[in-house]
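Quick notes on the structure that follows.
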Amino acid sequence: MDTPLKKRVLHIITRLDPGGSSTNTIETVARLDPQRFEVFLISGLTKDVDGSIEASLRSRNIQYVFFNDLQREIRPWKDLKAFIQLYRLMKQKHFDIVHTHTSKAGILGRWAAKCAGVPMIIHTPHGHVFYGYFSKFLTSIFIWIERLTARITDRIITLTNRGKEEHIAFKIGPAEKFVTIYSGIDVNPKSIHSDLKEHLKKQWTLHEGDFIFGSVGRLDPIKGTSYLIDAMSQVVQSHPKTQLLLVGDGSQREKLQKQCLGLGLQAHVKFTGFQKDPAPFIEMMDVFVLASLNEGMGRVILEAMVYGKPVIATKVGGIPELVGNGKNGFLVPPQDAHALSTAMMAMIEHRGLREEMAKQAKAIVGAQFDLDKMVKDIECLYEKGKEIR
1336 MDTPLKKRVL HIITRLDPGG SSTNTIETVA RLDPQRFEVF LISGLTKDVD GSIEASLRSR
1396 NIQYVFFNDL QREIRPWKDL KAFIQLYRLM KQKHFDIVHT HTSKAGILGR WAAKCAGVPM
1456 IIHTPHGHVF YGYFSKFLTS IFIWIERLTA RITDRIITLT NRGKEEHIAF KIGPAEKFVT
1516 IYSGIDVNPK SIHSDLKEHL KKQWTLHEGD FIFGSVGRLD PIKGTSYLID AMSQVVQSHP
1576 KTQLLLVGDG SQREKLQKQC LGLGLQAHVK FTGFQKDPAP FIEMMDVFVL ASLNEGMGRV
1636 ILEAMVYGKP VIATKVGGIP ELVGNGKNGF LVPPQDAHAL STAMMAMIEH RGLREEMAKQ
1696 AKAIVGAQFD LDKMVKDIEC LYEKGKEIR
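For the sequence shown, the working numbering begins at 1336 and goes up steadily by one.
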């Protein structure tokens, strides 16, 4: 009996900088069944100062290439060059499926695939830019482009049901074009050695008896970190032995540090910078906080829940599908420092409730967000082209 030919699959992402979208993409590419799929990965311009990203791709035997003309910013000449590069590669390699990720790669990659005659085109937006990012005028242009590009797309994968509903509400495409596949994670957290935790506590001046809130992510406006810092200034007035760990880096770091200085929070807010492995920092937190103004899913919330951390998060995007208000955490309105501080103080003051939320957090992750299930659902979509049920 002849061996069935493998499907040739190309994944394209705008950049592989650390974050939920890149982690989701890499895990998918690395875990697709090699007996059924031959998988390639293209990323746009990526900041990889120490070469760790490429080293990780090589260690997982991923076939990859970087197209540095593919960039997040709108640059017509580079965008055209990137489009031509993508088109030529697709014509040369004869892919059966092109699966794009994030906005810029999603637009250029899908149109290149259409022009190259690729049989199946799939897109995962990893969120959207329908609010919270740009002016009303620019947002309307992006929505129009997404509507047009959705017409040439066979399936659009949203990470939550809410993401699907929002795309439909903004008339990006009909309901039958969308399928929800939750972004999965490894539900078995690695053990963090107690010596490492003690070392980090000393390094960041965390003392016995401190209550530690923490957040992991880019220090960019969309993440709402300024509201979290404002909330922290209210919390420490009543609870002076409170600390906030901000794990990550970004365009707002200097501005946020000045905000802390102005509020007298230098001893209470720790900027750790980018960390290759945020897990030891998450393990040290008593409560995880995400103050985003817009979030496709908030995959980092799952990473915190794996370590049994109750969560305070804003009620935006798909986050309510991860955090049940009063069950495994609290949901608060975005851009509301007072609501954040109220939830934070409730976590400090009600230990029993906090511990019950921690148990619920671990249970929810294991039941619904397993990484292997995510990959199997994507494989099923590749083979059948039908919505996963």
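C-beta: ideal position from N, C-alpha, C; glycine also.
Sufficient close CB pairs (3 or more, under 8 Å) joining the segment 1640–1660 to the segment 1592–1612: no
With a threshold of 16 other CB atoms inside 10 Å of the CB of P1353, please say whether the residue is buried or exposed. By the 10 Å Cβ count, P1353 comes out buried.
Indicate whether the contact test is met: 3 or more Cβ pairs, each with one atom in the segment 1549–1564 and one in the segment 1575–1588, closer than 8 Å. yes
What residue range does the alpha helix (DSSP H) around F1616 cover? 1614–1619
What's the gap between the Cα of D1431 and the Cα of R1445? Roughly 13 Å separates the two Cα atoms.
CA-CA distance, I1516 and H1574? 41 Å
Output needed for T1484: all residues of its chain with C-beta closer than 6 Å, excluding positions within five of it in sequence on either side, in chain order. I1442, R1445
Please report how far the alpha carbon of W1412 lies from the alpha carbon of S1438, in whole angstroms. 18 Å
So what does S1529 bridge to, in DSSP terms? S1529 pairs with nothing; no bridge assigned.
V1710 burial status per 10 Å Cβ neighbour count (16 or more: buried): Burial check for V1710: the Cβ neighbour count within 10 Å reaches 16 or more, so the residue is buried.
Anyone know if the C-beta pair for S1568 and L1600 falls short of 7 Å? yes
Going by C-alpha to C-alpha distance, which of R1410, D1404, I1409 sits closest to L1421? D1404
Can you name the residues that DSSP bridges to A1648? As a beta-bridge residue in DSSP terms, A1648 pairs with L1625, L1666.
Across which residues does DSSP place M1455 in a beta bridge pair? I1432
Limits of the beta strand (DSSP E) - the one that I1348 falls within: 1342–1348
So the alpha helix (DSSP H) F1472 belongs to, where does it begin and stop? 1471–1485
Residue environment, K1593, which counts as buried when at least 16 other CB atoms sit within 10 Å: With a 10 Å radius around the Cβ and a threshold of 16 neighbouring Cβ atoms, K1593 comes out exposed.
Using a 10 Å radius around the Cβ and a threshold of 16 neighbouring Cβ atoms, would you call A1602 buried or exposed? exposed
What is the DSSP secondary structure of E1718, counted as helix, strand or coil? helix
Could you check the C-alpha separation between E1656 and Q1406 for me, to the nearest Å? Distance between the alpha carbons of E1656 and Q1406 is about 31 Å.
Going along the chain, which residues of its own chain have a beta-carbon closer than 7 Å to the beta-carbon of W1583, five neighbours each way excluded? The question names Trp, but residue 1583 is Gly in the sequence shown. Excluding sequence neighbours, G1583 sits near V1551, G1552, R1553, L1554, F1609.
Check whether the Cβ atoms of S1470 and L1494 lie closer than 7 Å to each other. no
N- and C-terminal bounds of the beta strand (DSSP E) containing T1677: Segment 1672–1684 is the alpha helix (DSSP H) holding T1677; no beta strand (DSSP E) there.
How is the beta strand (DSSP E) around L1591 delimited, first residue to last? Not the beta strand (DSSP E): L1591 falls in the alpha helix (DSSP H), residues 1588–1598.
Check each candidate in F1616, M1632, I1647 and name the one with the smallest Cα separation from L1625. Answer by Cα proximity: I1647.
Go through its chain and collect everything with a Cβ distance to I1683's Cβ below 6 Å, but skip five positions before and after it. F1546, H1574
Going by DSSP, what residues sit across from T1577 in a beta bridge? Looking at the DSSP assignment, T1577 forms a beta bridge with F1546.
Taking 7 Å as the CB-CB limit, is T1358 close to chain D? The structure shown contains no chain D; it is built from a single protein chain.
Touching by the beta-carbon criterion (3+ pairs, under 8 Å), the segment 1526–1539 and the segment 1495–1512: no
Give the DSSP bridge partners of S1387, in chain order. Its beta-bridge partners do not exist; DSSP assigns none.
Name the one or two DSSP bridge partners that R1490 has. I1457
In whole angstroms, give me the CA-to-CA distance for D1521 and I1699. 13 Å
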